[in-house]
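S.K.: First to last, the protein sequences are chains A and B.
Residues 1 to 285, numbered by the UniProt record's numbering, are exactly what the first sequence covers, in order.
Residues 1 to 438, numbered by the UniProt record's numbering, are exactly what the second sequence covers, in order.
Ideal Cβ positions, reconstructed from N, Cα and C, are used throughout, including at glycine.
Here the structure is a predicted model, which means the values were calculated and not measured.
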Amino acid sequence: MRKNKIYHVGFVIPLIIVFTAFFLVPMVISLYFSMTVWNFDSAKFCGLKNYITFFTTKSLWTGVKNTLIYALLGSGGITVLAFMLAAFLTSRIRTKNFIRSAVFFPNLVSAIAVGITFTAMMHPTKGIINKLIEFLGGTRINFLGDTKTALFSVILVLLWKGLSIATVIYVAGITSIDTDYYEAAAIDGANGWARLVHITVPLCRSSINTVILLSVIGSFRNFDLMWAMTGGGPGYATDNMASIVYKQYAAGFYGLSTAGNVVLFLIIAVLIFPLQKLLNWKKEV
Amino acid sequence: MKKRFMAGLTAAVLFTGSVAAGMGSVTVNASEGEKEFSGITLDLMTTNENVLDGLNAVITAAEEKFGFKIELDITGSGGEDYNNLVRTRLASGDMDDLLLYNSGALFKQLNPSQYFVDISNDKELVDRLDETFLETVSADGAVYGVPFSSSQAGCILYNKEIYKELNLEIPHTWDEFLENCKVIKESGQTPVLGAFGDGWPGIVTNFGDYYNVHAENPDFAEELTAGKAKWAATPAGVKSFQKCGDIAEYLNEDYMSTGYSDACDRFANGEGAHWIILTQVLSNIYSLYGEEAVSNIGAFGIPGDDPDDHGLTVWMPGAIYANKDSENAAAAEAFMKFYISDEALDLYSEQIPPDGPYCIKEYEMPKNTYPAVKDDMQAYFDEGKTWPALEFSSPLEGTEAIALIQQVTMGEITAEEAAAAYDQNLESSAIQLGLEWE
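Below, the structure is given as structure tokens:
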């Protein structure tokens, strides 16, 4: 028995070392530094002052709010739209292979390049999208220059880019479903919609869970795309926690930005753990 | 065999070099064909937002004279991203031998004594520097940088042709300026060009108005640093934010998506009657569109309420600093000293005329200076109606100026709210700098 235990521990030790060195230790250190005013050669303890500053600054709250909007709309959109795309791509259509590669293509381009391209396309006077709208007789939309539309414009591009991986996961999930189920249902007279809702959805639940988790985390971490498109502006319209922490860091407010990172970590932890529990619970039922 | 010979030669060269340096010899050519710093390569970190034609000319001459090679390490973008990259590379010990970076508040936040070579021992060099500039590259009594280019102003550039066409006069109060804008708008042209897409061009309206804030309270900078003066409690300060809102109705439709380079292009081609911007844009326009385009541009300071006190807010140039940890620090210092010699300044201004007076004592502005600088800006200097921007007299620097000013311009918050939010933002800066506020 004892020998057995040691045997197991031996296998886990390398992982524990890596986990401790690169995750636990930095986490504890950053917890300490978030309570100091530090620069690269000295640190002065200041208690919870950074956290108080963080939570009393209006713009920082905007960041928290926007982070949640990104997560909700971004992951919601990806989960639903990618499922529809995948259902379409696994149906009997001719150019299936071509469309599948086309859907995956956005994922191969770097987020910065996507951001710059869309910024140019969404330009209020010179962008191709507005040229098209004008040609069709509509009025121009100031996609990224207006606080009312900027956040949604970024989310739209986030969806365009994020759909690819989710679709691939769904396609894999759907194609692994045994065709017998569909045949049996068809004999019983179930139409396409019924087959989709009662066979495809329940049987690829694990893919759905994966997509939800990945897209929530991805939307939380969204930074590069938004930064390339708007830099957080106009005003604070598209700022999220990550960009606010980055701006504090860039200004040299190291303690404050560390505190922001701890807050970001806590928010993600508080939301992701229950979410994971919830998703797993549904799977067991 | 060949390798060994080269190694020997290098050693010999290095030895002669160090002996020459050790003796404090001024003559550069130790012997025929062997120069003081032969075989050394210096890297210089900069961004592509700087106009580098002048720097390149000086580098060619310096390489000829000293024997070292200077390679430009040009990072993609400027602004906040560059500042962040500089901080990161300094912190990780990955800085080049030479660095081109802002002077004033941004420089002082870098903890200069830890990273840069103190050049204050070289009296001859330091004595050449203008006092106002000297202060912006000094920290705790030590001096670290030499000016990269001429000084410049944050002011209103105007299209002379449009002014002539509509019979407008240079405004001396803010209200007169807005009147002019109205007339221009009625003529169907864009009164004020906005380039908020890049962040910093949008805040010049506020930061360039500092002359007027200083005119109202001459001790504003000191009191702000000490936590006694507040933007929100200073009428001229609130007015500086208000001006960003006042121009909103006169901006081009796509001001929020227009970047700096795009705006340069449009302004040079006659779009927009005014542009509130730093005069460095003159060099950009000169190097891209030539003399004719730049001659059509005039300049005046952002006016306040008093027509008799119409002044100009001046920006000190960025500076070149030498990395303390570089093994080639001596060569880097020699380059810095050469960089501000009359010879180098002549070479520099031959390529790029200055955007304002140089920060070097007793160096006259060259003949090819732009009319906006020679005629318009110089008048403010002659009358003594100039003052350096706030960032050169206070180390405080907030993170939120850009976003807040964008919000004022879009009409989302009032100037008072923006000023109050900026005060709060500066408090974080004070805490980071270790300033004791009550």
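By a C-beta neighbour count over all protein chains shown, 10 Å radius and 16 as the cutoff for buried, is Leu48 of chain A buried or exposed?
M.R.: exposed
S.K.: Could you please give the first and the last residue of the uninterrupted alpha helix (DSSP H) stretch that includes Cys244 of chain B?
M.R.: Pro235 to Asp246
S.K.: Hey, how far is the Cα of Thr288 of chain B from the Cα of Tyr370 of chain B?
M.R.: A small correction: the amino acid at residue 288 of chain B is Leu; Thr does not occupy that position in the sequence shown. Each residue's Cα considered, the two are about 14 Å apart.
S.K.: How should Gln242 of chain B be labelled, buried or exposed, when 16 other C-beta atoms within 10 angstroms of its C-beta is the threshold for buried?
M.R.: buried
S.K.: Got a sec: is the Cβ-Cβ distance from Leu278 of chain B to anything in chain A below 9 Å?
M.R.: no
S.K.: Please list, in chain order, the chain A residues whose beta carbon lies closer than 8 Å to that of Gly199 of chain B.
M.R.: Gly231 and Gly233
S.K.: Starting from Phe220 of chain A, trace the beta strand (DSSP E) in both directions and tell me its first and last residue.
M.R.: From DSSP, Phe220 of chain A is part of no beta strand (DSSP E) but of the alpha helix (DSSP H) over Arg205 to Arg221.
S.K.: Taking Cβ positions, are Gly356 of chain B and Ala153 of chain B nearer each other than 9 Å?
M.R.: yes
S.K.: Could you name the residues of the same chain whose beta carbon sits closer than 6 Å to that of Lys385 of chain B, not counting the 5 residues immediately before and after it, in chain order?
M.R.: Gly311
S.K.: What number of angstroms, rounded off, separates the C-alpha of Leu156 of chain A from the C-alpha of Ser151 of chain B?
M.R.: 44 Å
S.K.: Along chain A, which residues have their Cβ under 7 Å away from the Cβ of Ile431 of chain B?
M.R.: Val37
S.K.: Chain A partners of Arg87 of chain B, CB-CB under 8 Å?
M.R.: Ala250 and Gly252
S.K.: Suppose the cutoff is 6 Å on Cβ atoms and the five residues either side in sequence are ignored; what does the same chain contact list for Ala268 of chain B look like?
M.R.: Closer than 6 Å at the Cβ level, and outside the excluded window around Ala268 of chain B, lie Ile285, Tyr289 and Ala293.
S.K.: Please state the DSSP three-state secondary structure of Pro303 of chain B.
M.R.: coil
S.K.: Quick check on the DSSP output: the beta strand (DSSP E) that includes Thr79 of chain A runs from which residue to which?
M.R.: Note, Thr79 of chain A: premise wrong, no beta strand (DSSP E); alpha helix (DSSP H) at Lys58 to Leu89.
S.K.: What span of residues does the beta strand (DSSP E) with Thr205 of chain B cover, start to end?
M.R.: Counting along the chain, Thr205 of chain B falls outside any beta strand (DSSP E), though it belongs to the alpha helix (DSSP H) covering Trp200 to Phe207.
S.K.: In whole angstroms, give me the CA-to-CA distance for Val51 of chain B and Leu345 of chain B.
M.R.: 15 Å
S.K.: Between B:Cys181, B:Ala142 and B:Ser138, which has its C-alpha nearest Asn159 of chain B's C-alpha?
M.R.: For Asn159 of chain B, the closest alpha carbon among the candidates B:Cys181, B:Ala142 and B:Ser138 is that of B:Cys181.
S.K.: Using 8 Å as the Cβ pair cut-off and three pairs as the minimum, do the segment 205-221 of chain B and the segment 383-399 of chain B touch?
M.R.: yes
S.K.: As a quick exercise: from B:Pro191, B:Trp200, B:Ala226 and B:Met377, pick the residue whose alpha carbon is nearest that of Leu282 of chain B.
M.R.: B:Met377
S.K.: Are three or more beta carbon pairs between the segment 221-234 of chain A and the segment 185-199 of chain A nearer than 8 Å?
M.R.: By the criterion of at least three beta-carbon pairs nearer than 8 Å, the segment 221-234 of chain A is not in contact with the segment 185-199 of chain A.
S.K.: Taking DSSP as the reference, what is the three-state secondary structure of Thr109 of chain B?
M.R.: A small correction: the amino acid at residue 109 of chain B is Gln; Thr does not occupy that position in the sequence shown. Coil.
S.K.: Rounded to the nearest angstrom, how far is the Cβ of Ser207 of chain A from that of Ala172 of chain A, given a contact under 8 Å?
M.R.: 7 Å
S.K.: Along the segment 240-272 of chain B, what residues have a CB closer than 7 Å to any CB found in chain A?
M.R.: Glu253, Asp254, Met256 and Ser257
S.K.: Beta-carbon of Lys410 of chain B versus every beta-carbon of chain A: anything under 9 Å?
M.R.: The residue asked about is misnamed: residue 410 of chain B is Met in this sequence, not Lys. Yes, its Cβ sits closer than 9 Å to a Cβ of chain A.
S.K.: Cβ of Gly255 of chain A within 9 Å of Cβ of Phe33 of chain A?
M.R.: yes
S.K.: I'd like to check one pair, Pro354 of chain B with Pro171 of chain B: are the Cβ atoms closer than 9 Å?
M.R.: Not in contact: Pro171 of chain B and Pro354 of chain B (Cβ atoms no closer than 9 Å).
S.K.: Can you tell me which of B:Leu98, B:Gly93, B:Ala331 and B:Phe68 puts its alpha carbon nearest to the alpha carbon of Ile74 of chain B?
M.R.: B:Leu98
S.K.: At which residues does the alpha helix (DSSP H) containing Asn84 of chain B begin and terminate?
M.R.: Under the DSSP assignment, Asn84 of chain B falls in the alpha helix (DSSP H) whose first and last residues are Gly79 to Ala91.
S.K.: As a quick exercise: from B:Asn323, B:Ile297, B:Trp174 and B:Asp423, pick the residue whose alpha carbon is nearest that of Ala91 of chain B.
M.R.: Ranking B:Asn323, B:Ile297, B:Trp174 and B:Asp423 by Cα distance to Ala91 of chain B puts B:Asn323 first.
S.K.: Work out the CA separation of Val314 of chain B and Gly199 of chain B for me, nearest whole Å.
M.R.: Computed Cα separation, rounded: 20 Å.
S.K.: Less than 8 Å between the CB atoms is what I'm expecting for Ala150 of chain A and Ala237 of chain A, so what's the real figure, rounded?
M.R.: With a contact defined as Cβ atoms closer than 8 Å, Ala150 of chain A and Ala237 of chain A qualify at about 4 Å.
S.K.: Can you find at least 3 beta carbon pairs, one from the segment 321-339 of chain B and one from the segment 39-54 of chain B, that sit closer than 8 Å?
M.R.: A contact exists between the segment 321-339 of chain B and the segment 39-54 of chain B.
S.K.: Helix, strand or coil for Val137 of chain B, going by three-state DSSP, please let me know.
M.R.: coil
S.K.: Here's the rule I'm using: 16 or more other beta-carbon atoms within 10 Å means buried, otherwise exposed. How should Pro188 of chain B be labelled?
M.R.: Here residue 188 of chain B turns out to be Gly, not Pro, going by the sequence shown. Result: exposed.
S.K.: Write down the C-beta distance between Val183 of chain B and His274 of chain B rounded to the nearest angstrom, noting that I regard them as a contact closer than 8 Å.
M.R.: The pair is not a contact, with the Cβ atoms about 12 Å apart (cut-off 8 Å).
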